[in-house]
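Worksheet: one structure, shown below.
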Amino acid sequence: MLGLHENVVTGMADGYWRIARKPACTLLHCGPGLANGLANLHNARRARSGIVNIVGDQATWHRPHDPPLTADTEGLARTVSAWVRTSTRAADVGRDAAAAVQAARTAPGQVATLILPSDASWDEGGVVAEALPVPEAPPLDPYAVERAAQVLRGAGGKALLLLAGPAVQADGQDLAWRIAQATGAKLMADYVNAHVARGRGRVQLERVPYVTELAMQALASFEHIVLVNAKPPVAFFAYPDKPSTQYPDGAQLHVLARAEQDGVAALRALADALQAPACAIPDPGPRPAPATGAPSPEKLAQTVAALMPEQAIVSDESVSYGRGFYRHTHASPPHDWLHLAGGAIGDGLPVATGAALAGRGRRVISLQADGSAMYSLQALWTQARERLPCTTILLNNGRYNILIGEFKGVGATPGPTAMQMLDLGNPGLDWVKLANGMGVEAARATTMEDCAGLLAASFRRDGPFLIELMV
Ligand SMILES: Cc1ncc(C[n+]2csc(CCOP(=O)(O)OP(=O)(O)O)c2C)c(N)n1
Ligand SMILES: [Mg+2]
0 MLGLHENVVT GMADGYWRIA RKPACTLLHC GPGLANGLAN LHNARRARSG IVNIVGDQAT
60 WHRPHDPPLT ADTEGLARTV SAWVRTSTRA ADVGRDAAAA VQAARTAPGQ VATLILPSDA
120 SWDEGGVVAE ALPVPEAPPL DPYAVERAAQ VLRGAGGKAL LLLAGPAVQA DGQDLAWRIA
180 QATGAKLMAD YVNAHVARGR GRVQLERVPY VTELAMQALA SFEHIVLVNA KPPVAFFAYP
240 DKPSTQYPDG AQLHVLARAE QDGVAALRAL ADALQAPACA IPDPGPRPAP ATGAPSPEKL
300 AQTVAALMPE QAIVSDESVS YGRGFYRHTH ASPPHDWLHL AGGAIGDGLP VATGAALAGR
360 GRRVISLQAD GSAMYSLQAL WTQARERLPC TTILLNNGRY NILIGEFKGV GATPGPTAMQ
420 MLDLGNPGLD WVKLANGMGV EAARATTMED CAGLLAASFR RDGPFLIELM V
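Numbered according to numbering that gives the first Met the number 0, the sequence shown spans residues 0 to 470.
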């Protein structure tokens, strides 16, 4: 599949892993091409996605002449990769490729980068290697299970099970719900999740809020936080006079499963230790009707919940507009929700594209902020070329809205010069034309009625469609 910028390609590989649970392989050009793809490899690393990057490089005997594209390719690769190797002979390439795939599949999923000097590719003598076994995830710590059971038995509602990684998939949620019902513990998802199973039949999880004050409020009552593939919750950024950590000073943190351990197995062991009986996850109530009138975040969430097809995939790079989407989308068919896992904007459309490739016909809905979309909008071209079932709701607020809040967070009042740097309205971006220019049909919506009509129509198409929602 051709992507028209390396950051589109690496983001596609990230989205592919999140749905297919097997690595995609990128093909990138020399050090600078890898550098172009680094931001989305950073996101993939934070999402714990398995990816095999193949980076072409100068022939071994040409490199000493220092041609223009010579760079520290290994150095660049190391910043995002768990595994890096340069093959120096054709005879080694098969062996090294097998090791790269093995590294990418190592729990919970890793970025592996294989650098191939051009002579290693074109020389005779290549050998096809056998696939290597996928290593087992590190074993659970029985003491951690026992300790968590002990804590949860005594703490009731003062304990939180904080879920991330595999623990926010359907099986993990079932087990966590049983544990919560048996002990009175509360459940929450980490703010940063690559992939959350959502909708009817799943737990109505909320995430730890983004805004530090709100996160601290949400966590204030907990004396014990049991981490299941999650990290201790910390703020995205520092703010003067605010703490980095969002949990109460006196709270005890208990690691049930680290990111690379099997959180679902850990929850199963914990449910067994607590003899937590099976119990049904509550019904979220009736599906909402599509909203009407002027767009708002709540109305958009409600409309998406009203209309999304079965087994949809949501790629959420809605940035400031989407913080409250969860609450209004529980009562919808089962679906998968993919977040920006590493905070580097420009992943939403590529992830949607890769997820659509892995989803084999499943509808992908991008909830996509405008400023972030501009980083990698070429992904639309790949959606058109591959006729992927992608519906993009492009949230046109004409600015980097979130950064206005960040100014407030550090106690600054942006003046006219700073505000101008957050403004995308001069000249305004015409998303219908931008999409059309890359072969994607598109229309503008200014009301929720328009949006609902276009959304429903897009779901009946085979290929991609973009709705520019003026918000
Ligand atoms: C790669 C990268 N560059 C810059 C930033 C800083 N940044 C965070 S959000 C943002 C603007 C987001 O604007 P938009 O996508 O329009 O969302 P809105 O704030 O309007 O909701 C920027 C520039 C970042 N997080 N990642
Ligand atoms: Mg914006």
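Note that beta-carbon positions come from the ideal geometry of N, C-alpha and C, so glycine has one too.
Taking 9 Å as the cut-off, decide whether the C-beta atoms of residue i and residue j are in contact.
i      : j      : result
Gly155 : Ala175 : no
Gln109 : Ser86  : no
Val202 : Leu218 : no
Val83  : Ala90  : no
Ala355 : Ile312 : yes
Arg146 : His253 : yes
Thr9   : Pro242 : no
Arg177 : Pro276 : yes
Arg443 : Met469 : yes
Ser314 : Val263 : no
Val531 : Asn192 : In the structure as shown, the chain begins at 0 and stops at 470. Residue 531 is therefore absent and cannot be evaluated.
Leu337 : Gly32  : no
Tyr325 : Ala368 : no
Leu186 : Leu159 : yes
Gly347 : Glu316 : yes
Val126 : Gly93  : yes
Under 8 Å: does the beta carbon of residue i sit that close to some heavy atom of ligand 1?
i      : result
Ile364 : no
Ile401 : yes
Gly55  : no
Glu5   : no
Leu394 : yes
Gly36  : no
Gly427 : no
Tyr374 : yes
Helix, strand or coil for residue i? Go by DSSP, reduced to three states.
i      : result
Trp176 : helix
Ile18  : helix
Cys450 : helix
Lys241 : coil
Pro116 : strand
Trp121 : helix
Ala58  : coil
Val133 : coil
Leu1   : coil
Gln101 : helix
Thr412 : coil
Glu212 : helix
Met373 : coil
Thr25  : strand
Starting from residue i and walking both ways along the alpha helix (DSSP H), at which residues does that stretch end?
i      : result
Ala81  : Note, Ala81: premise wrong, no alpha helix (DSSP H); not H, not E.
Lys432 : 430-436
Trp380 : 378-384
Ile401 : 400-408
For residue i, is the beta carbon positioned less than 8 Å from some heavy atom of ligand 2?
i      : result
Leu423 : yes
Ala417 : no
Arg443 : no
Gly397 : yes
Asp471 : Nothing about residue 471 can be reported from this structure: the residues present for the chain run from 0 to 470 only.
Gly370 : yes
Ser319 : yes
Taking just the CA atoms, how far does residue j sit from residue i?
i      : j      : result
Asp122 : Arg88  : 8 Å
Ala96  : Ala234 : 38 Å
Thr471 : Met11  : Any property of residue 471 remains undetermined from this structure, which presents the chain solely from 0 to 470.
Arg398 : Gly370 : 7 Å
Leu37  : Gly153 : 46 Å
Ile224 : Leu453 : 43 Å
Ala46  : Ala288 : 33 Å
Ile392 : Asp71  : 39 Å
Glu309 : Thr390 : 14 Å
Arg62  : Gly124 : 22 Å
Ala130 : Gly198 : 37 Å
Phe464 : Glu440 : 5 Å
Gly353 : Gly462 : 14 Å
Val227 : Asp170 : 13 Å
Gly414 : Gly427 : 21 Å
Asn39  : Leu366 : 18 Å
Val195 : Arg20  : 14 Å
Lys432 : Pro232 : 41 Å
Leu273 : Ala181 : 8 Å
Ala300 : Leu213 : 21 Å
Ile18  : Trp430 : 28 Å
Pro281 : Tyr246 : 28 Å
Let's see if you can read the secondary structure: which residues bound the beta strand (DSSP E) around residue i?
i      : result
Asn425 : Careful: Asn425 lies outside any beta strand (DSSP E) and carries neither H nor E.
Ser314 : 312-316
Cys389 : 389-395
Glu440 : 440-444
For a test of your reading of the model: does the CB of residue i fall under 8 Å from any non-hydrogen atom of ligand 4? Yes or no.
i      : result
Ala166 : Among the ligands in the structure shown, ligand 4 does not appear; only ligand 1 and ligand 2 can be found there.
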